[in-house]
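Enquirer: Chains as they are written, first to last, in my numbering: chain W, 1 to 271; chain L, 1 to 280; chain D, 1 to 289.
Where a beta carbon is used, it is the ideal one built from N, C-alpha and C, also for glycine.
The structure's right below; bear with me while I get my questions together.
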Amino acid sequence: MISDITIGQYYGGSSAVHRLDPRVKIILTTLFIVIIFLCKNFLSLAAMFVLTAASILISRVPFRMFFKSLKPILPIILLTAVLNIFYIKKGTVLWSFWIVTITTGGLATAFFMAVRIICLIMCSSLLTYTTTPTDLTDAIERLLSPLKVLHIQVHTLAMMMTLALRFIPTLIEEIERITNAQKARGADFESGGFLQRVKAMLPVLIPLFVSAFRRAYELSFAMTCRCYHGGEGRTRMKQMRVHAADFVALALFAVVMAGVIVLNHFFGKMI
Amino acid sequence: MNDYIQFQNVTFAYEIEGEAPKPVLKDFSLNVYAGEFVAVLGHNGCGKSTVAKLCNGIELPQKGKVLVDGLDTADEEKLLTIRQRVGMVFQNPDNQIVATIVEDDVAFGPENLGVDPSEIRRRVDDALKRVDMYDFRRFEPHNLSGGQKQRVAIAGVIAMQPACIVLDEPTAMLDPRGRKDVMETVKMLNREHGITVVLITHYMDEAAQADRVVVMDHGKVLLDGTPRQVFARGETLKQAGLDVPQATALAALLQRDGLDVPADVLTVDELADAIAAAKR
Amino acid sequence: MTDPILETRNLTYTYAPKTANEVTAIREISVAIERGTLVGIIGHTGSGKSTLIEHFNGLKKATSGVVLLDGRDIWENKKEIRQVRFRVGVCFQYPEYQLFEETVYKDVAFGPKNMGLSEEEIDRRVREVLSFVGLEERYLELSPFDLSGGEKRRVAIAGIMAMEPQVLVLDEPCAGLDPKGRATVLAMIENYQKTTGSTVVVVSHSMEDIASIADRILVMNKAGLAFFGTVEEVFSHAEALVAMGLDIPQMTQLCLKLRARGFDLPETFYTVEQAHGAILACLKKEGTA
Numbered sequence: 001m002i003s004d005i006t007i008g009q010y011y012g013g014s015s016a017v018h019r020l021d022p023r024v025k026i027i028l029t030t031l032f033i034v035i036i037f038l039c040k041n042f043l044s045l046a047a048m049f050v051l052t053a054a055s056i057l058i059s060r061v062p063f064r065m066f067f068k069s070l071k072p073i074l075p076i077i078l079l080t081a082v083l084n085i086f087y088i089k090k091g092t093v094l095w096s097f098w099i100v101t102i103t104t105g106g107l108a109t110a111f112f113m114a115v116r117i118i119c120l121i122m123c124s125s126l127l128t129y130t131t132t133p134t135d136l137t138d139a140i141e142r143l144l145s146p147l148k149v150l151h152i153q154v155h156t157l158a159m160m161m162t163l164a165l166r167f168i169p170t171l172i173e174e175i176e177r178i179t180n181a182q183k184a185r186g187a188d189f190e191s192g193g194f195l196q197r198v199k200a201m202l203p204v205l206i207p208l209f210v211s212a213f214r215r216a217y218e219l220s221f222a223m224t225c226r227c228y229h230g231g232e233g234r235t236r237m238k239q240m241r242v243h244a245a246d247f248v249a250l251a252l253f254a255v256v257m258a259g260v261i262v263l264n265h266f267f268g269k270m271i
Numbered sequence: 001m002n003d004y005i006q007f008q009n010v011t012f013a014y015e016i017e018g019e020a021p022k023p024v025l026k027d028f029s030l031n032v033y034a035g036e037f038v039a040v041l042g043h044n045g046c047g048k049s050t051v052a053k054l055c056n057g058i059e060l061p062q063k064g065k066v067l068v069d070g071l072d073t074a075d076e077e078k079l080l081t082i083r084q085r086v087g088m089v090f091q092n093p094d095n096q097i098v099a100t101i102v103e104d105d106v107a108f109g110p111e112n113l114g115v116d117p118s119e120i121r122r123r124v125d126d127a128l129k130r131v132d133m134y135d136f137r138r139f140e141p142h143n144l145s146g147g148q149k150q151r152v153a154i155a156g157v158i159a160m161q162p163a164c165i166v167l168d169e170p171t172a173m174l175d176p177r178g179r180k181d182v183m184e185t186v187k188m189l190n191r192e193h194g195i196t197v198v199l200i201t202h203y204m205d206e207a208a209q210a211d212r213v214v215v216m217d218h219g220k221v222l223l224d225g226t227p228r229q230v231f232a233r234g235e236t237l238k239q240a241g242l243d244v245p246q247a248t249a250l251a252a253l254l255q256r257d258g259l260d261v262p263a264d265v266l267t268v269d270e271l272a273d274a275i276a277a278a279k280r
Numbered sequence: 001m002t003d004p005i006l007e008t009r010n011l012t013y014t015y016a017p018k019t020a021n022e023v024t025a026i027r028e029i030s031v032a033i034e035r036g037t038l039v040g041i042i043g044h045t046g047s048g049k050s051t052l053i054e055h056f057n058g059l060k061k062a063t064s065g066v067v068l069l070d071g072r073d074i075w076e077n078k079k080e081i082r083q084v085r086f087r088v089g090v091c092f093q094y095p096e097y098q099l100f101e102e103t104v105y106k107d108v109a110f111g112p113k114n115m116g117l118s119e120e121e122i123d124r125r126v127r128e129v130l131s132f133v134g135l136e137e138r139y140l141e142l143s144p145f146d147l148s149g150g151e152k153r154r155v156a157i158a159g160i161m162a163m164e165p166q167v168l169v170l171d172e173p174c175a176g177l178d179p180k181g182r183a184t185v186l187a188m189i190e191n192y193q194k195t196t197g198s199t200v201v202v203v204s205h206s207m208e209d210i211a212s213i214a215d216r217i218l219v220m221n222k223a224g225l226a227f228f229g230t231v232e233e234v235f236s237h238a239e240a241l242v243a244m245g246l247d248i249p250q251m252t253q254l255c256l257k258l259r260a261r262g263f264d265l266p267e268t269f270y271t272v273e274q275a276h277g278a279i280l281a282c283l284k285k286e287g288t289a
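The structure is reproduced here in structure tokens:
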């Protein structure tokens, strides 16, 4: 069922990872992504893998959740691995047939890339699992607030993100409802060629847009009634404060980053 | 009694480009008194939703004036004050919840007013407890029932500490259970916290619970009085496309047959008592 | 004499079976809906009413049990399921939100067109159902989006009626309408049922509405079938209905309260007219005794 998709996919808890300042979490995740692309050998990659695994363990978010977020990416990971295996010809030849040659270098690269992507996905999933969508948008708003100097409407952007997150489940339910209603009138979404199928979607899309506009109109009324007048003079109930734990996490990441650079430098490039 | 909201000879028409303006209210006057619970009844299109939108300056009258606690809604400087004092709850619970977490939504109004963070926290918790939704404060709105969402919307309004709440058909999309919960909440806010309530509805049994019922028809006040006075006018109500509670309708029939039953009963209980008394 | 048009046998539907989120929405439902009757379905939100009607036209497939239409399993031939949807027309809650065409005519014609009917037949049906829902011919060329809420509702219902289904199922057809709108829609459903002689199923929260139009009532409670019988039979279980947390018609409440005060009311009444007659009869009897 489409309504099974959880957007923002927050997984509640009160672990140390959950309690980190969301701004710090965003910075750490960004740092992580940068570092993982700096990794040049298995030692540094192993360090990153251990860091990922440790963070996951601390968060107490079950592994099956991470497997769930990996599942849609799995074909891409496999495809890159296969391409690497066949295209990279380095090191000892293990097997060769016609134009296909498999080398140790190819296998190693394939493995390296796969682990890198897996770490990347796990780490960004960890961010969304341990941070509510509201906290995320709030943190983004606060992190980007220096851009106000450039007259960029940071608050408006964050508000739009919040509203999008708020209304995605509502609209998904609506799609399901309209689809059922049109099916009950004999609409056929399953047969015919591509163009026919696109045309068959119109009885769903038109009412969906009409309803989305109506919702937007009513919502803007409701917001005005609740004294919304943009970001000016607005306070926030939830204050974000950096605690000792946040500094520890930042320090830890700094150490790992330094470690990766050292490992890269002293143990040579693998790729 | 003090007037809280005053409609003074208000004329209002929706103007659509290229079409003749559609008049909604014609020389409409109504006073809402501080602390009362008034129900506004009328069939769809009689102008009752426009009355709601005029209460806090979402729409402005073309002629006449709307005053809230003495402040003119046409005065743009006063709009934020007016909107803080007159909170609004709409029909569709989905289309008035802004945040992805219940408590963040309740905080939305006070945040817009620039209230101090610790004070917002206090108000949010207090408002959620009052509408009996405190246990759901960390829920996502789409996992709540219609009645629960509507109570969150009410909490969002009371967190702004208004003197008056205007509810525009708040129960039209709810099931019987949700309707009952919302009505109980509204009555509690009026009786225990002294908040003035304007309830726009087309459910007769809800209107019967108010202190005063105003019936609108074609942009004018048709009847204005206590529920008993208004529902005793069955014929007039029918002409305005409305109904009377079934108990009132039956009382009228029995009275016509010469039974000594008052015509202004509102509830089944009253009617049962009246019939039992007539038997003796 | 029984001649059921639509029958369910041990119908069970489970969401997310064999997971932690497993919920049984309907359990072992066996009902037979007689041809040409008007059946009302009542029950709480979440009692399984909506899931049940989604099985009637094959929008959901039961975890176990069967749905028989005219004695044949609707899933007998998977490819024919669209044909079943033309024979069991389901009109969901707030159907006005499914309108999408440029004109009322085209929107009402959507179902019949999907059935592959000829232009003449479609034209005949569109004009005929429009009179059922009490709209004049001039509405045909209007945009459905320019109509009032009540008119949109009627156009949407007409769109289902135009498929001329053997069974018309309406989920909360009066939701959100004002008293006049409710009365119009109820009268329209009654008239449609009487004129066409087809079978109609109406889901509603309003006991008064159901009491005034239905021949039989089906009561759902906690995913199971609580009662299925004539209006008199079902409302004679008033105490049980109250225990389920359901409302009972106001006049039935009055009946119970008068009995508690010592009135001798042999028949449970549920409409104002019945109450009127019964109370007068009771008082007369006591007066003469």
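So, are the CB atoms of asparagine 56(L) and arginine 83(L) less than 7 angstroms apart?
Expert: As a working note, residue 56(L) is residue 56 in the second sequence. As a working note, residue 83(L) is residue 83 in the second sequence. Contact: yes.
Enquirer: At least one CB of chain W closer than 7 angstroms to the CB of arginine 35(D): is that the case?
Expert: Locating residue 35(D) in the third sequence gives position 35, where the first residue counts as 1. No - not a single Cβ of chain W is within 7 angstroms of the one on arginine 35(D).
Enquirer: Quick check on phenylalanine 110(D) - is its C-beta less than 7 angstroms from some C-beta in chain W?
Expert: Counting from 1 along the third sequence, the entry for residue 110(D) is found at position 110. Closer than 7 angstroms: yes.
Enquirer: Would the beta-carbon of proline 162(L) fall within 7 angstroms of that of arginine 212(L)?
Expert: Start at 1 with the first residue of the second sequence, and residue 162(L) comes out as number 162. Start at 1 with the first residue of the second sequence, and residue 212(L) comes out as number 212. Not in contact: proline 162(L) and arginine 212(L) (Cβ atoms no closer than 7 angstroms).
Enquirer: Determine the DSSP secondary structure at methionine 1(W), reduced to helix, strand or coil.
Expert: For the purposes of this step, residue 1(W) is identified with residue 1 of the first sequence, where counting begins at 1. Below a pLDDT of 50, predicted positions are generally treated as unreliable, and methionine 1(W), at 36, falls in that range; the measurement from the model is reported next regardless. Coil at methionine 1(W), not helix or strand.
Enquirer: Whose Cβ in chain D lies nearer than 7 angstroms to the Cβ of alanine 187(W)?
Expert: In the first sequence, counting from the first residue as 1, residue 187(W) sits at position 187. The contacting residues are Asn114.
Enquirer: Could you pull the start and end residues of the beta strand (DSSP E) that cysteine 164(L) belongs to?
Expert: Position 164 of the second sequence, counted from the first residue, corresponds to residue 164(L). Looking at the DSSP string, the run of the beta strand (DSSP E) that includes cysteine 164(L) is 164–168.
Enquirer: Taking the DSSP output, what are the residues bridged to glycine 89(D)?
Expert: Within the third sequence, numbered from 1, the residue matching residue 89(D) stands at position 89. Answer is Leu168(D), bridged to glycine 89(D).
Enquirer: Among Glu173(W), His155(W), Thr156(W), which residue has its Cα nearest to the Cα of asparagine 143(L)?
Expert: For the purposes of this step, residue 143(L) is identified with residue 143 of the second sequence, where counting begins at 1. Measuring from the Cα of asparagine 143(L), the nearest candidate turns out to be Glu173(W).
Enquirer: Nearest by alpha-carbon distance to arginine 9(D): which of Glu267(D), Arg27(D), Thr196(D) is it?
Expert: On the third sequence, residue 9(D) is found 9 positions in, with the first residue counted as 1. The shortest C-alpha separation from arginine 9(D) is found at Arg27(D).
Enquirer: For threonine 100(L), which residues in chain W fall below 8 angstroms Cβ to Cβ?
Expert: Walking along the second sequence from the start, residue 100(L) turns up at place 100. Near threonine 100(L) (Cβ distances below 8 angstroms), the residues of chain W are Gly8, Thr132, Pro133, Thr134, Thr162, Leu165, Arg166.
Enquirer: For serine 50(D), does the count of other Cβ atoms within 10 angstroms reach 16, so buried, or fall short, so exposed?
Expert: Residue numbering aside, residue 50(D) sits at position 50 when the third sequence is read from its first letter. Serine 50(D) is buried by the Cβ-count criterion.
Enquirer: So is serine 55(W) in contact with chain D if we call contact Cβ pairs under 7 angstroms?
Expert: As a working mapping, residue 55(W) is identified with position 55 in the first sequence. No - not a single Cβ of chain D is within 7 angstroms of the one on serine 55(W).
Enquirer: Reducing DSSP to helix, strand and coil, say where leucine 307(W) ends up.
Expert: Absent from the structure is residue 307(W), since the part of chain W shown begins at 1 and ends at 271.
Enquirer: What does the Cβ neighbour count give for tyrosine 217(W), buried or exposed, with the cut at 16 atoms within 10 Å?
Expert: As a first step, residue 217(W) must be located in the first sequence, where it is residue number 217. That one is exposed.
Enquirer: Leaving out five residues on either side along the sequence, give the residues of the same chain with a beta carbon under 6 angstroms from the beta carbon of aspartate 264(L).
Expert: Here the question's residue 264(L) lines up with position 264 in the second sequence. So the list reads Arg228, Ala232, once near-sequence residues are dropped.
Enquirer: Compute the distance between the beta-carbons of threonine 11(L) and glutamine 91(L), then report whether it is under 7 angstroms.
Expert: Walking along the second sequence from the start, residue 11(L) turns up at place 11. Walking along the second sequence from the start, residue 91(L) turns up at place 91. Not in contact: threonine 11(L) and glutamine 91(L) (Cβ atoms no closer than 7 angstroms).
Enquirer: Are the C-beta of alanine 181(W) and some C-beta of chain A separated by less than 7 angstroms?
Expert: No chain A appears in this structure, whose protein chains are W, L and D.
Enquirer: What residues from the region 18–31 of chain L come within 8 angstroms of chain W, judged by C-beta to C-beta, listed N to C?
Expert: For the region 18–31 of chain L, which is checked against every Cβ of chain W, not one residue is closer than 8 angstroms.
Enquirer: Can you check whether the C-beta of cysteine 227(W) is within less than 7 angstroms of a C-beta belonging to chain L?
Expert: One-based indexing of the first sequence puts residue 227(W) at position 227. Output row for cysteine 227(W): interface = yes.
Enquirer: Counting only the same chain and skipping the five closest in sequence on each side, list residues whose C-beta sits under 7 angstroms from that of glutamine 148(L).
Expert: Position 148 of the second sequence, counted from the first residue, corresponds to residue 148(L). Hits under 7 angstroms: Met133, Phe136.
Enquirer: Let's test the definition: count the other Cβ atoms within 10 Å of the Cβ of valine 133(D) and tell me whether it reaches 16, buried, or not, exposed.
Expert: Residue mapping note: residue 133(D) aligns to position 133 of the third sequence, counting from 1. Answer is buried; the Cβ neighbour count reaches 16.
Enquirer: With C-beta atoms as the reference, is leucine 127(W) less than 7 angstroms away from lysine 25(W)?
Expert: Taking the first residue of the first sequence as 1, we reach residue 127(W) at position 127. Taking the first residue of the first sequence as 1, we reach residue 25(W) at position 25. Contact flag set, yes.
Enquirer: Would the region 255–274 of chain L and the region 40–58 of chain D be scored as touching if the rule is three or more Cβ pairs under 8 angstroms?
Expert: Segments in contact, no.
Enquirer: Relative to chain L, which residues along the region 233–248 of chain W have a C-beta separation below 8 angstroms, given in chain order?
Expert: Flagged, chain order: Gly233, Arg234, Thr235, Arg236, Met237, Lys238, Gln239.
Enquirer: Quick check: the Cα distance between glutamate 59(L) and glutamate 19(L), rounded to an integer number of angstroms?
Expert: As a first step, residue 59(L) is located in the second sequence; it is residue number 59 there, counting from the start. As a first step, residue 19(L) is located in the second sequence; it is residue number 19 there, counting from the start. Distance between the alpha carbons of glutamate 59(L) and glutamate 19(L): 19 angstroms.
Enquirer: Arginine 177(W) versus chain D: which residues are under 9 angstroms apart at the beta carbon?
Expert: Within the first sequence, residue 177(W) is the residue found at index 177, counting from 1. Ordered by position in chain D, the residues that pass the 9 angstroms Cβ test against arginine 177(W) are Phe92, Gln93, Tyr94, Tyr97, Gln98.
Enquirer: Which whole-angstrom value describes the C-beta separation of valine 204(W) and glutamine 182(W), a residue pair presumed to lie in contact below a C-beta threshold of 8 angstroms?
Expert: The residue you call residue 204(W) lines up with position 204 of the first sequence. The residue you call residue 182(W) lines up with position 182 of the first sequence. Confirmed, Cβ separation roughly 6 angstroms.
Enquirer: Does DSSP classify aspartate 211(L) as helix, strand or coil?
Expert: Sequence index remark: in the second sequence, residue 211(L) carries index 211 (1-based). Aspartate 211(L): coil per DSSP, three-state reduction.
Enquirer: Can you pull the chain W neighbours of glycine 159(D), defined as C-beta to C-beta under 9 angstroms?
Expert: Position 159 of the third sequence, counted from the first residue, corresponds to residue 159(D). In chain order: Arg185.
Enquirer: For the beta strand (DSSP E) that phenylalanine 228(D) lies in, which residues bound it at each end?
Expert: Translated into the one-based positions of the third sequence, residue 228(D) becomes position 228. Here the beta strand (DSSP E) through phenylalanine 228(D) covers 224–230.
Enquirer: Applying a beta-carbon distance threshold of less than 7 angstroms, which residues of chain D neighbour alanine 172(L)?
Expert: Here residue 172(L) refers to the residue found at position 172 of the second sequence. Residues of chain D passing the Cβ test: Gly176.
Enquirer: What residue ranges within the region 125–152 of chain L form continuous alpha helix (DSSP H) runs of no fewer than 4 residues, ordered along the chain?
Expert: Entirely contained in the region 125–152 of chain L, not one alpha helix (DSSP H) run reaches 4 residues.
Enquirer: Is the beta carbon of threonine 101(W) sitting closer than 7 angstroms to the one on asparagine 84(W)?
Expert: Looking up residue 101(W) in the first sequence gives position 101. Looking up residue 84(W) in the first sequence gives position 84. No.
Enquirer: Could I get the ranges of all uninterrupted beta strand (DSSP E) runs contained in the region 64–136 of chain D, with 3 residues as the minimum, in chain order?
Expert: Here the runs fully enclosed are 64–69, 88–91.
Enquirer: From the beta carbon of phenylalanine 132(D), is the nearest beta carbon of chain W less than 7 angstroms away?
Expert: Taking the first residue of the third sequence as 1, we reach residue 132(D) at position 132. Judged by the 7 angstroms Cβ criterion, phenylalanine 132(D) is not in contact with chain W.
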